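S.K.: Sharing a structure here in structure tokens format.
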Amino acid sequence: MGDARLERWLSALLRTPGLTALRDADEARRVLLDDSLRGLELVRGFGGPVVDVGSGGGAPGIPLAAALPDWEVTLLEAKRRKCDFLERWTDDFSNLRVIWGRAESQVTDCYEVAVAKALAPPPVAAEWCLPLVRPGGAAILWVGSSAEHDRVARVAERLNAEPADAPPGFFVLRKLGPTPPGFPRRVGVARKRPLA
């Protein structure tokens, strides 16, 4: 992409302890930058605003903010130290904002797209992301080859959503209507007692 801001972000990410286990710059570029941008057209298909749930060091949210300068991109992160790192980049990317908090504690049905990369097992990530999405929007999950489509589909159904066509490496869950009563469940419940 040739964006000097992204190069600075990637370099700072590698130098900051506790944000990534990656140490090789080429591998970090592939995993954190190039792989984040593989989801760009999926995100673009739904519109903004976008929330990156469990943003960590900023992937995929910061690369998406660079590629979609007219869309608001929110980085939602539960760990204060990671938020401190993320907030350093809001001057470089004027469409970027950072929220320190948990997905379960946010206002529901307010983003067009929720994205998550390496957040949690896909059924748990789906439960955290879908309540944040407006009807007609989508949760887009970066997933590995062993991700269980049927389990994620069952979670989507409980949360008024359905799987949509997606390329390998992604689950796209389209929100059909408002978040049902009882969701999001309390902090920590999705991980302890997954819906599927």
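Going by the numbering used here, the first residue of the sequence shown is number 448, and it counts up by one from there. Note that the Cβ used here is the ideal one computed from N, Cα and C, for glycine as well. The structure presented is a predicted model; accordingly, all values stated were derived computationally and were not measured.
Quick test of your reading: Leu453 and Pro516, contact by CB under 8 Å. State the CB separation rounded to the nearest angstrom.
M.R.: With a Cβ gap of about 12 Å, Leu453 and Pro516 do not count as contacting.
S.K.: DSSP state of Lys529, grouped into three classes?
M.R.: If DSSP states are grouped into helix, strand and coil, Lys529 belongs with the helices.
S.K.: Hey, which unbroken runs of the beta strand (DSSP E) at 3 residues or more fall wholly within the region 544-571?
M.R.: Qualifying beta strand (DSSP E) stretches, in chain order: 558-564.
S.K.: Let me make sure I understand the geometry here. Which of His596, Ala525, Asp538 and Leu461 has the alpha-carbon closest to that of Ala512?
M.R.: Checked all of His596, Ala525, Asp538 and Leu461; the closest Cα to Ala512 is Asp538.
S.K.: Going by the beta-carbon positions, is the gap between Leu489 and Val520 smaller than 8 Å?
M.R.: No; because the gap between Cβ atoms is not below 8 Å, this pair is not in contact.
S.K.: Assign Ser458 to one of two classes, buried (16 or more other C-beta atoms within 10 Å of its C-beta) or exposed (fewer than that).
M.R.: Counting Cβ neighbours within 10 Å, Ser458 comes out exposed, since fewer than 16 surround it.
S.K.: Compute the distance between the beta-carbons of Leu659 and Ala573, then report whether it is under 8 Å.
M.R.: There is simply no residue 659 to check, as the chain begins at 448 and stops at 643 in what is shown.
S.K.: State the DSSP-derived secondary structure class of Ala611, mapped to helix, strand or coil.
M.R.: Strand at Ala611.
S.K.: Quick one: what's Trp536 bridged to in DSSP?
M.R.: DSSP, once it has assigned bridges, lists no residue as partnering Trp536.
S.K.: Using 8 Å as the threshold, is the C-beta distance between Pro578 and Leu606 below it?
M.R.: Yes, the Cβ-Cβ distance between Pro578 and Leu606 is below 8 Å.
S.K.: According to DSSP, Thr521 sits in a beta bridge with which residue or residues?
M.R.: Bridge partners of Thr521: Val498 and Arg544.
S.K.: What are the boundary residues of the alpha helix (DSSP H) that includes Pro510?
M.R.: First-last of the alpha helix (DSSP H) with Pro510: Gly508 to Ala514.
S.K.: Exposed or buried, what is Ala514 when buried is set at 16 or more other beta-carbons lying within 10 Å of its beta-carbon?
M.R.: Buried is the call here.
S.K.: How close, in whole Å, do the beta carbons of Gly503 and Leu466 come, if the pair is a contact with beta carbons under 8 Å?
M.R.: 6 Å between Cβ atoms; contact.
S.K.: Comparing alpha-carbon positions, which option in Ala561, Arg581 and Gly583 lies nearest Trp575?
M.R.: Ranking the options by Cα distance to Trp575, first place goes to Ala561.
S.K.: Should Val545 and Leu522 be called a contact, given that it needs their Cβ atoms to be closer than 8 Å?
M.R.: For Val545 and Leu522, yes; Cβs fall inside 8 Å.
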